[in-house]
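Chains B, H and G supply the protein sequences, listed in that same order.
One point on numbering: in full-length UniProt numbering, the residue at position 422 of the first sequence is 422, and numbering is uninterrupted.
One point on numbering: in full-length UniProt numbering, the residue at position 198 of the second sequence is 198, and numbering is uninterrupted.
One point on numbering: in full-length UniProt numbering, the residue at position 118 of the third sequence is 118, and numbering is uninterrupted.
Just so it is clear, CB atoms sit at the ideal spot from N, CA and C, and this is done for glycine as well.
Predicted model only: the values in this text are computed from it and were never measured.
What follows is a short report on a single structure.
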Amino acid sequence: MTQQTPPPVVELTGVTVEFPPVKALDGVDLHLRPGEIHALMGENGAGKSTLIKALTGVHTPTEGTVVVDGVERRFSGPADARAHGVSTVYQEVNLCENLTVAENIMLGAEPRVLGGLHWRAMRRQAATHLRRMGLDIDPASSLGSHSLAVQQLVAICRATVGDCKVLILDEPTSSLDTDEVEHLFTVMRSLRDDGVAILFVSHFLDQVYEVSDRMTVLRNGRLVGEYVTADLPAAELVQHMIGRSMDVLEAAEEVAERTERPAGATPLLQVLGLGRKGSIQPFDLDLYEGEVVGLAGLLGSGRTELARLLTGADRADTGQARVAGRPTRLRNPRTAMGHGIAYTSEDRKGEGVVDGLTVRENIVLALQAERGWMRPLPRRQVDEIVARYIEQLGIRPADPEALLRNLSGGNQQKVLLARWLATAPRLLVLDEPTRGIDVGAKAEIQKLVADLAAGGMSVVFISAELEEVLRLSHRIAVLRDRRKVAEIDGEGASTAQVVDLIAGGGAA
Amino acid sequence: MRDVLRHHLFWPVAALVALLVANTVARPGFLAITVRDGHLFGAPIDILRTTAPLLLVALGMTLVIATRGIDLSVGAVVAVSGAVALSQLAAAPDPAAPGTVLRAIGLALVLCLVLGVWNGFLVSVLGIQPIIATLILMTAGRGVAMLITGGMITTVTSAPFKVLGSGFWLGLPAAAVLAFGVFAAVAYVVRRTALGMLLEATGINPAASRLSGVRSRTLTWTVYAASGLFAGLAGLLISADTMAADANNAGLFIELDAILAVVIGGTALSGGKFNLSGTLVGALVIATLERTVTVLGISPLVTPLFMALVVIAVTLLQSPRMRERFTAVRRRTGTGAQRPAARPDSTEVTAG
Amino acid sequence: MTTSAPARRTAARIPVRLDRRYLPVLGTFVVLALMLVVGGTRYDNFLTPAVVSNLFINNAHLVVLAVGMTFVILTGGIDLSVGAVLALSTVVTAALLQAGWPVPVVLPLAVGVGTVIGLAHGVMIHLFQVQPFVATLAGMFFARGLCFLIAPESIAIGDPAFVELASWVQIAGQWRMTSSVLIAAIVLGVAFLALHFTRFGRTVYAIGGGEQSALLMGLPVARTTVLAYVVSGTCAGLGGLLFAMYSRSGYSLTGVAMELDAIAAVVIGGTLLTGGTGFVLGSVLGVLVLGLIQTVITFEGTLSSWWTRIVIGVLLLVFVLLQRVLSLRRT
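Here you go:
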């Protein structure tokens, strides 16, 4: 950081974005100075993406101002923003793999000759830009032939063609390995030294601490604060993101009732060294009946990946699993189901609900799939099951024939729970079951989880909200950077302890 | 009244009724049905008979489309089926012997089932896009049919076989009885077992279905096999009608007619929710349309023009943009259902 | 391990490594060469200028169709209407000439019919989000029906100016080149330049690679999509003109299933039906392969014509499997 602070190149004041009735962003300020790397921090749903979209003109703020370079702007979209020096590089590389590297960098600002593309000049200019990124690749090669890391750098390269004052990097590191991240950081630092303002979004705390100068923290669409990175300990940052001060968190801790596990009991599911390349490092985990195991960790820490290996949603390439002591291969969701393992994905829309079918059909889907198409559940039994879960879980509208796409998020989640409960699983893996649903539904689901465990079911509970995990879990597995780093007893666990484990090396 | 208008069969049925009315106006005796020798005769009965092969093909097509697929090869399969059956009959010493006829039918159907299984293999195991996978057989299939008939239009006389095309059962055209019977049986199975629901789940959200333990691959494979089998049956009806296996022209464009029947019937090509009763009406609309064109004294060759207009109208009415406009109007007039929570993210650029 | 990994990994440039993009086209080329060699050794008079000239003359219209189809398929779409539009164009040409319209008016009109239908496809597909398959299927029925409405019977073309244009031929030894071959070559040249040297062309590729990405890169996706169908329609109209010149007539039943030949040529030429990868020159090679199959079967004499379709089907299968393997290896 330089001593005297230059005026900000981007200044957001009181920006509010509404998707009625929700305020996705509520009066947020952001000051982005030239020549700094500024981290934008917050858990899922905190409003990071919305903020970026408000800045680049994808969303129009209902209140507040966006000032770029001293002029108030309302960009019409990313292209317009780019024309005014604000470029975005998204998490998934949004380039065309089938085109050459040169085209991906230059199209839109391509050199021309006789009204056509001037390929030679295009390649030459692209090569110059690439060299600035420290990349020595053939501009005439197709983008798809390069690794994701290189593609990411090419995307940044494209963003910096022309007059780039502000560079927004949305989760650029989530699929890169350590060396590749280092290279990216070198590039970011050199751009910063050239005076570019970089807004950096990452879920990896270590990375944020390594590369950023300052940070802005959001929570639930509101601004928590703006901090100098060096002055903010990692544990404190985690608290800011999660949203409770340590005292409140500790107070909220409730020791979940537990039925005493008999000594020497066989775990319902035991995995040893289960892992998958590029997804999660090998880990061990024992799951017992009547127990809730919480997975704590930030987004991208590997909690979902772990759950997917437990449930056959992804196939592990190392390690082994034992169900009730017997070696088993969890090849696909169907084999896992055969062992009484059920999984609700965090991606409710993409991998959970079948939105064109009714509540009734969605509830019986897994049970019916297990029986096969030739043995339909008798209608009476279907009605009975559906009525029972609509009642028990309080699904609204209480209409079995309602299309799932017309239900609220919370009620869709309840339908998914019902789908799995109907199969009478022995192990239920819930990935973010309470994300994006209202407080009432959230409390109901939490209570349900506790009740299920009390009834003898084994539950794995994943949530971004530490408070929730602490309250519900008998045991907590902590993950960081795609690795299981600790396993602690839920009863003895203090919030401080978990936060420290999550923050890990970043606190140093 | 609004419920009637909203019913998914409203527009297809309205089209059908409109066509029938037009026919009756042009020819007042159009709907008359007479009884001769205990058989029913008349234009409506004729329409039932001509619908039969299309209905069978459209039946398989609906199931395939439900899984987000498409089967372009059915026309070629129709040709293969007729070629196999008739060349079998022609080669036999007594084409009219019941055993011979049964063997010919059986052989044709088994071969068509195999062709369907082949398509299913390409799509569900090798993961080739349905449109390309079935394009292969669409191209090669007619060649195979010609190979079987030796390039001739095989003609044969076999009374028992001919019944399939132009005979009568229970006073009704045998082809219609067979096709509507198979249609009803399949519809019954699909809706009484869990097959329909699992197919729809696979078509709407393959990822969610997989996580729920649905055997999507087997289901997909099955529907292509079924589509081949039904096309084979349709091929038998068509060849029995003319008692000639014309490898070039048998079932020409029937795949397109079938797709149209499905689309008119309100099943979207994007898969998921399917609607067999709609397909039935769609097939009837197409057959009636063809009939109407002749009744109105227009050359039957111009039929495609009218079909194009029907398809354009139906698809535009179903297009998202039109629907948006309709909902907008309904919202403004205040009769519409509650507006779902706006999620601008889903329509906007989906990055970030 | 302090230097940057990505740079190091890619720094080692393999000098003349064949880009995988060219593999399918290379495959087509090999098939074509093999057919020529086998044909040349098997039959006398096979590799003669006359036979090769005829290969081009007989398939000029298909080249034009395949070129147009390539644009559409590169965007990830499909155009089922080209055979019917070609027929419509022959019918319009013949009917207007019969009515005594002058050639300079008739020619642009015949091509324009295709352009208008292509535009309608583009609008339906882009604006109303009708699937390309359905939209162009409707277009196919529409064009075919219109043909019969205009002229149920074949119309012979006797207009002297048109006949003169059609019989224009350039002879060099045994080599012959007709006006249709010349036109097809020009179309090919223009298409090649458009695809590889204009932003429009690169946007066509970009859309096929990923429409979202193309949008985010700020490329004119809407305009380009519509234009691709316009190109295909126009090519079909022009193809009809060439076919009318070739057959000296306009007939409603021309070009039945010709869209399949065009699609097959494009696929055999190495273009992925999912869009984004392929070359217009490959499509021409595909057309030549199809034409050569026909020629070989004619030369063979004992082989019946239906083997053409079977061989095309098998070739399609081989190329589709090849592409599948390539795309699997990529991911």
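Restricting to Cα atoms, I'd like to know which of the options is closest to residue i.
{"i": "H:V156", "options": "H:D46, H:L252, H:D246 and H:G297", "result": "H:D246"}
{"i": "B:L135", "options": "B:A121, B:S142, B:T100 and B:H183", "result": "B:H183"}
{"i": "G:G233", "options": "G:P104, G:L47, G:Y22 and G:L109", "result": "G:L109"}
{"i": "B:G108", "options": "B:L223, B:L272 and B:A159", "result": "B:A159"}
{"i": "G:G275", "options": "H:A91, H:R36, H:F121 and H:I132", "result": "H:I132"}
{"i": "B:E401", "options": "B:L427, B:E361 and B:G372", "result": "B:E361"}
{"i": "G:L273", "options": "H:A43, H:C112 and H:P130", "result": "H:P130"}
{"i": "G:A166", "options": "G:A172, G:L219 and G:R248", "result": "G:R248"}
{"i": "G:A172", "options": "G:Q294, G:Q131, G:V25 and G:S53", "result": "G:S53"}
{"i": "H:R27", "options": "H:L309, H:L301 and H:V293", "result": "H:V293"}
{"i": "G:L326", "options": "G:L303, G:L288 and G:T271", "result": "G:T271"}
{"i": "B:A79", "options": "B:S49, B:L99, B:V101 and B:T56", "result": "B:T56"}
{"i": "G:L322", "options": "G:G269, G:S283, G:L288 and G:T295", "result": "G:G269"}
{"i": "H:V177", "options": "H:A313, H:I47, H:V223 and H:P95", "result": "H:I47"}
{"i": "G:G201", "options": "G:E164, G:Q212, G:V289 and G:R223", "result": "G:R223"}
Could you check whether residue j and residue i sit closer than 8 Å to each other, using their CB atoms as the reference points?
{"i": "G:L88", "j": "G:V123", "result": "no"}
{"i": "H:S73", "j": "H:G141", "result": "yes"}
{"i": "B:V196", "j": "B:V460", "result": "no"}
{"i": "B:A121", "j": "B:I105", "result": "no"}
{"i": "B:L472", "j": "B:G297", "result": "no"}
{"i": "H:V182", "j": "H:A201", "result": "no"}
{"i": "H:A283", "j": "H:A261", "result": "yes"}
{"i": "B:I137", "j": "B:R303", "result": "no"}
{"i": "G:F192", "j": "G:L281", "result": "yes"}
Starting from the beta carbon of residue i, find every residue of chain B whose beta carbon is closer than 7 Å, and list them in chain order.
{"i": "H:L211", "result": "A313, P333, Y343, S345 and E351"}
{"i": "G:T70", "result": "Correct list: empty, because the minimum Cβ distance to chain B is about 14 Å."}
{"i": "G:T198", "result": "G116 and L117"}
When you measure from the CB of residue i to every non-hydrogen atom of the ligand MN, does any distance come out below 7 Å?
{"i": "B:T495", "result": "Among the ligands in the structure shown, none appear at all, so the ligand MN cannot be discussed."}
Run down chain H in chain order and give the residues with a C-beta less than 8 Å from the C-beta of residue i.
{"i": "G:L260", "result": "L135, M138 and T139"}
{"i": "G:V134", "result": "I259, V263, L269, V311 and T315"}
{"i": "G:P152", "result": "S299 and L301"}
{"i": "B:Q368", "result": "A194, M197 and L198"}
Strictly by DSSP, which residues pair up with residue i?
{"i": "B:F283", "result": "B:L274"}
{"i": "G:I155", "result": "G:G250"}
{"i": "B:Q320", "result": "B:L272"}
{"i": "B:G294", "result": "B:F461 and B:I476"}
{"i": "G:S81", "result": "DSSP lists no partner for G:S81."}
{"i": "B:G144", "result": "Per DSSP, none; premise fails for B:G144."}
{"i": "B:L117", "result": "B:R112"}
Chain G partners of residue i, CB-CB under 8 Å?
{"i": "H:L289", "result": "Neighbours of H:L289 on chain G: none; closest Cβ ~11 Å, over 8 Å."}
So, is residue i buried or exposed, given that buried needs 16 or more other C-beta atoms within 10 angstroms?
{"i": "H:A32", "result": "exposed"}
{"i": "H:S124", "result": "buried"}
{"i": "B:M374", "result": "exposed"}
{"i": "H:D71", "result": "buried"}
{"i": "H:P12", "result": "buried"}
{"i": "B:L269", "result": "buried"}
{"i": "B:E444", "result": "buried"}
In chain B, which residues lie less than 9 Å from residue i when you measure between Cβ atoms?
{"i": "H:I128", "result": "Ordered by position in chain B, no residue passes the 9 Å Cβ test against H:I128, which lies about 19 Å from the chain."}
{"i": "G:Y22", "result": "In chain order: nothing, as chain B lies at least about 11 Å away."}
What does residue i reach in chain H if we use C-beta pairs closer than 9 Å?
{"i": "B:M41", "result": "Within chain H, no residue comes near B:M41; the closest Cβ sits about 15 Å away, beyond 9 Å."}
Closer than 7 Å by beta-carbon distance: list the chain H residues that pair up with residue i, in chain order.
{"i": "residue 519 of chain B", "result": "Since the first residue of chain B shown is 1 and the last is 508, residue 519 of chain B is not available in this structure."}
Could you work out which residues of chain G lie near residue i, taking near to mean beta carbons separated by less than 7 Å?
{"i": "B:S190", "result": "None at all; the shortest Cβ gap to chain G is about 12 Å."}
Quick one: which chain G residues come within Cβ less than 9 Å of residue i?
{"i": "B:G108", "result": "R199, M217, G218 and L219"}
{"i": "B:A159", "result": "Here the premise fails: no neighbours, minimum Cβ distance about 11 Å."}
Name, please, each residue of chain B whose Cβ falls closer than 8 Å to the Cβ of residue i.
{"i": "G:T277", "result": "N98"}
{"i": "G:L193", "result": "G116"}
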